[in-house]
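Per my numbering, the very first residue in the sequence shown carries number 11; after that it's consecutive. Have a look at the structure below, then the notes.
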Amino acid sequence: MPDANHKETKLKHEAGISGATFERGNSFISAAQLMLAYLTDAQKDQINNSPKDAFPLRTLSNTQDSQKSNFELLEEYLSAIHQHWASLDSTSLEMTDLAQLERTLIEALSDNIYLEPKKSFKQIKDELDNAENHVNWKTRQLKVTTTDNDVTILRKDNPISHFTPTQTHEWLNILGTEKPKELRILYGDEKPKWFTALPEWEQNYFQKRVLAWQDQKAQPDGIQNLGDYLGPVPTTIRRYPGAPNAYVSTATLSATNEKGEVQTENFLKIRSGVIAPAKMKAKGKEGKAAKIEITKQNLEQLVVVAIQEKIKEIQRNGGDQRQAIELPILLQTLYSPPMQPPGDYNNPAVMKAFEKVREELKEPERFLAKHSIDTQGYTIKKVDLLYSNRPVNNARGLSWVGNLFSKQGRESRRTDAVLAEYVDKLDHNSQDYKIAKAALDSYQSMPYMRNTIGMIPPTKSNAIAEIAALEQIIAGKVGVRIGSCVSGKDREEMITEVAIAQQEFCLKHGKFPPPYNATSTQDKKDRQEFLENVARAYLSGHGQELAGENSKGCDGLKNIVDVLGKDVCAKVRALAPEYGIDVAKFDPIKSTQKIAGLNKLSLKKLKVSIVDFVTSVFQTNPLGKDKAVPPIAAETVSQHFAPQQSEIRQRSQSVLLPGFQQSQKEASNNPSSIKITDEVSPATKRRNSFS
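In structure tokens form, the structure reads like this:
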């Protein structure tokens, strides 16, 4: 329970990095167990048919005589790792502990599942990371946060998971003999390329999930839509059909004026991770077409939600059904096309999908019918799909240059003019017009250049972040804003916080906050109030909690200084004690970034010794309990990892670690001694492929 003397925050500052590390560890263990559970029968047979004296885990755990099968021992080993992790002090864990755990899991999977042919360390790491994302792939609940300062703000993030018919067909097409007849006529036994590129266990996992959905669908309380059954796609996977990490984000702001009247304002946008399946290969014409198609499906999914949300809003406001609706929908990206998202053909896929959907929307009635959209009696006369690129990350200078010549840049410049036209079409006596016009004026006058070209000279504020937020407000007043950063949780969240803070300021003062280079005394004072608004939105912890839904334990944000600027970060630290946060123990900026960084540890961070970790696992949880098995000594484990073994043993049995160098002399004098260096043996280089 929060201290009555402190403002409420959802930041996990008391558990801190140690608590996040513990959660991440449990998630990775569950991921390894998931991989094991969904191995194909052929893979399980290969494991069990391996001779007992040649199966790596038996050698490591001294269980050559155990009557249990190799697969059973492997299951038991993962369970033992889980028990050991659960026994650790969760208040004192560090990133190194997580690295040791993940490394142990990777080595266990590498040596005992992929016996022949072997897979590289990096390949196994990628599979484990992906499996960990599946652990987080589940249905999500509405997230609600209320903050109460001078203005009461009710934030809601409602997850988007509902598949369109096209997306459902895409997923049903992964099935074998159970594939629906109409898809079998169209595609035969052919399965989507994104699916056939997956490891065998993952293909097996997906097929069983889709079949489980079909089975429960017939029940009285069965979930009828496949997307709603699966839940929102985690953005860290970036390879499957389905808009990743997508939410309808709203905020209701209310304040009492000097006359005692309650004034309210609303903010609406749709957010997601990058809509292109970034990790999907795009080799050749066919590969590119497949990537464009999935991107198009994801964009359509969000456009359908945008239309539905706008109809709901018009209904709430008592809109006249005789009035035909012209609906602009803005697709806004917050990443820098020259730099992100990583992968092959991603930005071209987004732009080509954008053009295809825009073309379909030229016939709105046909689009509405295709997606079974109930317009509640309203007539959608026109849906105008717009695009803008507002790169708020540190590479925004490169984007500014690139956008001078790119399709993204041309579309962005067109959008500037079109949004102004739509603002002018609003009822000039309405509150929406007053807000949109004030936001547009601020948007058009915001200093931009100095903050764009490589941030030279540097500024404490990110003007482009404020421009992106104003653009979201304008788009939300005239239509709907859809948009993304790469993950949908970092830049998307922080720009939401900036936009809400801007509207909070406007609700109180009837104008938007002055720009960062304002010089008058009053403007500087107003500027400080705005910065405090942003800082308090950040300290509510709403966005950090939302990030944890996407990746368990990672209740944090990345690139905070780049996006929010040093001035907001200074305010965050200054206000943190009001929320019960001891900045000396938990820096709300740096610690939050470290927690976010636990999402996927780099290969470099995994270059750690696991001898002590594995020894502790076996000493507390010996395997093969069908007969007495003595505890494993540390020297036994270190010998198993020692690199002086033959290359045959290294390739078939050892879980040799890069950085382990132990001479024959050291081993004979002290078998448990391990010397860690930066050198890697040639055999290990071939096996682990760290490049």
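Even for Gly, the Cβ is constructed at its ideal location relative to N, Cα and C. In this text the structure is predicted, and so the values were computed from the model without any measurement.
Residues near residue i in its chain [Cβ-Cβ closer than 6 Å; skip 5 each side]
i: Q418; result: P347 and N399
i: T157; result: I163 and S550
i: N15; result: none
i: E275; result: L263, Q513 and L517
i: Q331; result: G387 and Y388
Selected residue, minimal CA-CA separation from residue i, among the options
i: G35; options: L44, H92 and N58; result: H92
i: Q482; options: L138, Y397 and Y589; result: Y397
i: A485; options: D394, V360 and R368; result: D394
i: K366; options: L309, F415 and L240; result: L309
i: A359; options: T343, F173, T305 and I591; result: T305
i: G551; options: K562, K62, S76 and L567; result: L567
i: I477; options: V496, A449, L408 and V488; result: A449
i: K392; options: E336, A446 and E375; result: E336
i: V441; options: T187, K153 and G520; result: The sequence given here has Gln at residue 441, not Val. Measuring from the Cα of Q441, the nearest candidate turns out to be G520.
i: K54; options: S89, Y345, D622 and N214; result: N214
i: I280; options: T343, R332, R219 and N267; result: T343
i: P202; options: E370, E303 and V593; result: E303
i: I324; options: G387, S561 and A547; result: G387
i: K562; options: R194, T246, A90 and D330; result: T246
i: E24; options: S601, G634 and K610; result: S601
i: I446; options: S455, P457, M456 and L429; result: Note that residue 446 is Ala in the sequence shown, not Ile. Ranking the options by Cα distance to A446, first place goes to L429.
i: L240; options: A222, A118 and V433; result: A222
i: F277; options: V488, D622, V624 and I599; result: V488
i: D63; options: D51, I195 and S76; result: S76
i: L556; options: M456, L378, D51 and P244; result: P244
i: I317; options: K614, L340, R68 and H94; result: L340
i: L125; options: L67, I27 and K617; result: L67
DSSP-derived helix/strand/coil call for residue i
i: S259; result: strand
i: H23; result: coil
i: S494; result: strand
i: N168; result: strand
i: N327; result: coil
i: L278; result: strand
i: A288; result: coil
i: V272; result: strand
i: P175; result: helix
i: K295; result: helix
i: E365; result: helix
i: L341; result: strand
i: S60; result: coil
i: V618; result: coil
i: T157; result: strand
i: E476; result: helix
i: V313; result: helix
i: N15; result: coil
i: I123; result: coil
i: V624; result: helix
i: A334; result: coil
i: T162; result: strand
Same chain, Cβ closer than 7 Å to residue i, neighbours up to 5 away in sequence not counted
i: A479; result: I505, V508, A509 and Q512
i: K129; result: S120
i: G237; result: S171, H172, F173, Q177 and G252
i: I116; result: F131, I134, K135 and L138
i: A545; result: V578, K581, V582 and L585
i: P524; result: D533, D536 and R537
i: E375; result: none
i: L611; result: L108, A109 and E112
8 Å Cβ shell around residue i - same chain, five flanking residues per side excluded
i: Y453; result: I477, L480, E481 and I484
i: N472; result: V402, N461, D572, V573, L574 and G575
heavy atom of the ligand COA below 7 Å from residue i C-beta
i: A545; result: Among the components modelled here there is no ligand, and therefore nothing to report on the ligand COA.
**Request:** Run through the segment 501-587 for me and flag every whole alpha helix (DSSP H) of 4 or more residues, listed as ranges in chain order.
**Result:** Taking 4 residues as the minimum length, the alpha helix (DSSP H) runs contained wholly in the segment 501-587 are 501-519, 531-549, 552-560, 570-574 and 576-585, in order along the chain.
**Asked** Can you find at least 3 beta carbon pairs, one from the segment 489-509 and one from the segment 408-425, that sit closer than 8 Å?
**Response** Not touching, per the Cβ criterion.
**Prompt:** Is there contact here, the segment 505-512 with the segment 437-444, by at least three beta-carbon pairs under 8 Å?
**Reply:** Verdict: no, contact absent.
**Message:** Please give me, in chain order, every unbroken run of the alpha helix (DSSP H) with length at least 4 that falls completely inside the segment 392-438.
**Reply:** The alpha helix (DSSP H) runs of length 4 or more contained entirely in the segment 392-438 are, from start to end of the chain, 406-413 and 417-435.
**Asked** Is the segment 256-264 close to the segment 276-294, with three or more CB pairs under 8 Å?
**Response** Yes: the two stretches touch, three or more of their Cβ pairs being nearer than 8 Å.
**Message:** Contact between the segment 19-35 and the segment 100-115 is defined here as three or more beta-carbon pairs at a separation below 8 Å; is this criterion met?
**Reply:** The segment 19-35, when compared against the segment 100-115, does touch it at the 8 Å Cβ threshold.
**Request:** Check whether the segment 556-570 touches the segment 517-529, taking contact to mean three or more Cβ pairs, one atom from each stretch, closer than 8 Å.
**Result:** Result no; under three Cβ-Cβ pairs closer than 8 Å.
**Request:** May I ask you to verify whether the segment 39-48 touches the segment 200-214, counting CB pairs closer than 8 Å and requiring at least 3?
**Result:** Because the criterion of three Cβ pairs below 8 Å is met, the segment 39-48 and the segment 200-214 touch.
**Request:** Decide if the segment 164-181 is in contact with the segment 129-145; the criterion is three or more beta carbon pairs, one per stretch, under 8 Å apart.
**Result:** Too few Cβ pairs lie closer than 8 Å, so no.
**Prompt:** Does the segment 602-621 come within contact of the segment 84-103, defined as at least 3 CB pairs closer than 8 Å?
**Reply:** The segment 602-621 vs the segment 84-103: no contact.
**Request:** Please determine if the segment 178-193 and the segment 68-87 are in contact, where contact requires at least 3 C-beta pairs separated by less than 8 Å.
**Result:** Taking a contact to require three or more Cβ pairs closer than 8 Å, the segment 178-193 and the segment 68-87 do not qualify as touching.
**Prompt:** Counting Cβ pairs closer than 8 Å, one from the segment 52-65 and one from the segment 621-629, do we hit at least three?
**Reply:** Short answer: they don't touch.
**Prompt:** Of all the alpha helix (DSSP H) runs that stay within the bounds of the segment 179-257, which reach a length of 4 or more residues?
**Reply:** If we require 4 residues or more, the alpha helix (DSSP H) runs fully inside the segment 179-257 come out as 191-197, 203-206, 210-227 and 236-240.
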